[in-house]
Structures are given as structure tokens and as C-alpha cells.
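Numbering (my numbering), first residue to last: 2 to 298.
Note that CB positions come from ideal geometry on N, CA and C, so glycine has one too.
Report on the structure given below.
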Amino acid sequence: MYRQGLWLIGTELVFLLLIPGILGWGSDGHYTTCKIAEDYLSEEAQAAVQQLLPASADGSLASVCSWPDDVGKKLRWSTALHYANTPDSACNYNYDRDCYDTAGNEDRCVTGAIYNYTKQLSGYQRSVIESTYNLTEALLFLSNFFGDVHQPLHIGFLGDKGGNKIQVRWYSTGTNLYRVWDEKIIQSALASFHNSDLTNLTQTIQQKIENAWSNDASSWGTCANNLTVCPDSYASESITAACNYAYANVTSGSKLGDEYFLSRLPVVEKRLAQGGVRLAATLNRIFSSNAKLVAEA
């Protein structure tokens, strides 16, 4: 059963990667987060990830980190798992209040999904073959959702659907606030500072982790009370960043240019960095031979 599921995923990934233009910013942002994570994996976690990756990944988690986005139209049930919304103007996240889908089903949001797939992957040490879950899917979903929960407007206000309903101009282009944070800031950074080279952007962020952010970065991967995973705290950081930076001084019709771009880019870079470091730390705990799942939901 497991091998059959792995083959199907591999086939879907090959098919999707051959379709021009199917990958947008999600590919860049998620690639960066997962590429950073790869550098912080323990030997045990690296071995487990390599075993679970589909053949089409060619050994790279980063290369397939956007798979859940790419197949979203096929897997409609997964749409609600990429985000969570807070009440309008509530700059804090509360799992019991905020984690539900549009039909009111509880636990169906990005933090609920992270708890769920962490629990699924915790069965890896028992036996991949005997697992009742498709652990390849679990790994790809978990990795993708770590990127999502660190994007500030994936934990945005319910009324404007995380900035989707706030129409703005990004320089001379019409778009919405969600798209600014989901693609425009990174696209502009790539063009302005990195010669449109994603590897250069990723390396720049990695250098900041090791240097400018090193004091803070050393604690990014830890969870209180020795929890295996702690996405609620990441969601809380995101809605705080959304209030302080994404929504700040923006209304429908706002024209956003250099001032907004240059002041918000450091926030985007740090959220990508934190997502990568924390994904690695979580996978290290999951795949440790001494692993004992400790999670709250």
C-alpha cells in the first residue's frame, strides 16, 4: 500500500513539473524555506527524508515543497489546511477560536494540519511499510504548511480573507495585499538584489541566520515544554507581523512602492528563515531514534 501511494505521488509530481507556469511564488518561498531546512537536518532526519521523498524529487525536499499547492485543485479537502483567520482587528491567534474551516469543522486550519501530519510522521520509527498513512504525503504536507504558517497573511483577518479582498497597486501593477506578501515582495527582491537567482536569495538568508540573526536563531527551533511541534506560537507571530507590517497603513486603493517594499522585505526574509530552521528542528525531533511524540492540539 505504501509503495503504491509513493508511486502515485511521484507520477503526479512529474506531470505537474512539466506544466509551464504552474509554479508561482509558492515555489520560490517554499523552496527557500525547505532548502534552508535541509541544511539543519540531523543525520537521522536526513536519512528518513531521503527514504520518504518521491523519485522525482532527486533527493531534494526543496524541489517538491510546493506539491500541496500544485495539487490543491485536485485535493479540494486540503484548501482550508493552508491558513487560519482571526477575527477582524484581533492581532492574536487562539487555536480554539480560530482553527476551523468555512463549514465550521474544528481543527481544519494550518496549525491543526501541522499537528496532524506531525502525528502521522511519528509512526515512521515503527515501520514505514506498516504505517496506515502515506508518509510521503505527510512529509510534503508538513513541509509546505511550515512555510504557510510563517507567511503573515496566512494568519490574517477573516473579513478580508487574509488580505485577498484588499485591492492595492504594487508599483504600477494592480493586485491585492495577500499577493503582495505571497509573491510580489519576493519577486521584487529577486529582481532588485539577487539577479533573479533564487539560490542567491537563499544563501543571503542563510548567511543572516549564521551571522546577523545568530543570537535569536539559536532558539527558533525550540518548543516550550519539550513539545515536538508548536505551530500555535508561529501563527501568533504571523498575525502580529500581519498587524504591524502587512496591514499597517494600507487600505483598499493604496499604492505600495519602495517605502513599503524595503521596510517589509526584512520581515519576509526572517519569516522564511524561521520557517526553515523550525521545520528542520521538528523533523529532527520526529525522526530521532529516541523520539517520543509530545504535541498539543
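With H, G and I counted as helix, E and B as strand and the rest as coil, what does DSSP make of residue i?
i: alanine 91; result: coil
i: threonine 229; result: coil
i: asparagine 196; result: coil
i: alanine 85; result: strand
i: lysine 256; result: strand
i: threonine 283; result: helix
i: threonine 223; result: coil
i: tyrosine 1; result: Outside the displayed range of the chain (2 to 298) lies residue 1, so it cannot be described from this structure.
In terms of residue numbering, what span does the alpha helix (DSSP H) encompassing residue i cover?
i: phenylalanine 146; result: 136-151
i: threonine 241; result: 232-242
i: glutamine 47; result: 44-53
i: asparagine 165; result: Per DSSP, asparagine 165 belongs to no alpha helix (DSSP H) and is neither H nor E.
i: glycine 113; result: 111-122
i: tryptophan 68; result: 68-71
Beta-carbon within less than 6 Å of residue i's beta-carbon, same chain only, minus the 5 sequence neighbours each way: which residues are those?
i: serine 189; result: Phe262
i: tyrosine 134; result: Gln121
i: arginine 272; result: His151
Since I believe residue j is in contact with residue i (beta carbons under 8 Å), could you give me their beta-carbon distance rounded to a whole number of angstroms?
i: alanine 81; j: arginine 109; result: 5 Å
i: lysine 185; j: threonine 176; result: 6 Å
i: asparagine 285; j: alanine 58; result: That pair is no contact at about 19 Å.
i: valine 65; j: leucine 141; result: 6 Å
i: alanine 49; j: tyrosine 125; result: 6 Å
Under the criterion of a Cβ to heavy atom distance below 7 Å, does residue i qualify as lining the ligand MN?
i: asparagine 285; result: Only the bare structure without any ligand can be found here, which leaves the ligand MN out of the picture.
From which residue to which residue does the beta strand (DSSP E) around residue i run?
i: glycine 157; result: 156-158
i: glutamine 168; result: 168-171
i: threonine 1; result: Past the boundaries of the shown model lies residue 1; the chain is included only from 2 to 298, so the question cannot be answered.
i: threonine 80; result: Segment: none, threonine 80 is in no beta strand (DSSP E) and carries neither H nor E.
i: glycine 175; result: 174-177
Output needed for residue i: all residues of its chain with C-beta closer than 7 Å, excluding positions within five of it in sequence on either side, in chain order.
i: glutamate 107; result: Cys100 and Tyr101
i: tryptophan 26; result: Its pLDDT being 43, under 50, tryptophan 26 is placed unreliably by the model, and the measurement read from it follows with that caveat. Asp183, Glu184, Ile187 and Gln188.
i: valine 181; result: Val169, Trp171 and Leu257
Do the segment 234-247 and the segment 67-83 touch if we need at least three Cβ pairs shorter than 8 Å?
no
For the pair the segment 211-221 and the segment 260-279, tell me if three or more CB-CB distances fall below 8 Å.
With a cut-off of 8 Å, the segment 260-279 and the segment 211-221 count as touching, because enough Cβ pairs lie within range.
Answer yes if the segment 145-156 comes into contact with the segment 29-42, meaning at least three C-beta pairs across the two stretches below 8 Å, and no otherwise.
yes
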